[in-house]
Amino acid sequence: MTMRTYKNPYPDSEDAVEIRFDHCREDIAKAAKEYWRELTEAELDDLQEEIMRALVVSEWQNIWLTCAAFITVLAYHSHD
Numbered sequence: 001m002t003m004r005t006y007k008n009p010y011p012d013s014e015d016a017v018e019i020r021f022d023h024c025r026e027d028i029a030k031a032a033k034e035y036w037r038e039l040t041e042a043e044l045d046d047l048q049e050e051i052m053r054a055l056v057v058s059e060w061q062n063i064w065l066t067c068a069a070f071i072t073v074l075a076y077h078s079h080d
């Protein structure tokens with residue numbers, strides 16, 4: 001299966017978050033720390049699993065989210 005690269009739909013925004021299949025966990029952890037808070041290992045596990053599943057199904061090797069969308073996803077998967 002050839003995975004496609006998704007171009008940044010927010011080129012003028014500094015608040016766009018890219019999560020890449022090959023660096024999923026690192027990208028999530030870095031963006032979470034920058035825009036929200038440091039995640040627990042369990043939260044990282046859950047979020048990585050969900051995002052990687054979505055990427056495989058869509059055949060994309062990356063995903064771009066606005067900062068607001070990313071925080072919404074983080075809040076949904078938080079263990080607070």
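Position 12, counted from 1, in the sequence shown is what the numbering used here calls 12; the numbers after and before it change by one each time, with no gaps. Each residue gets a CB set at the ideal place from its N, CA and C atoms; glycine is no exception.
Would you tell me roughly how many angstroms separate the C-alpha atoms of residue i and residue j, rounded to the nearest one?
i, j, result
"L39", "V57", "25 Å"
"S78", "T72", "10 Å"
"E43", "L55", "18 Å"
"D80", "S13", "30 Å"
"T5", "I28", "18 Å"
Going by beta carbon distance, what residues of the same chain come within less than 7 Å of residue i, once the five residues before and after it are set aside?
i, result
"C67", "D15, V17 and Y35"
Just tell me which of the options has its CA closest to the CA of residue i.
i, options, result
"R111", "N8, D80 and D46", "Since the first residue of the chain shown is 1 and the last is 80, residue 111 is not available in this structure."
"Y10", "R4, T2, W64 and R53", "W64"
"T2", "E59, I51 and D12", "E59"
Can you have a look at residue i and say buried or exposed, based on whether 16 or more other CB atoms are within 10 angstroms of its CB?
i, result
"E49", "exposed"
"N62", "buried"
"A75", "exposed"
Under a three-way DSSP split, which group does residue i fall into?
i, result
"R81", "Outside the modelled stretch of the chain, which goes from 1 to 80, sits residue 81, for which no answer is possible."
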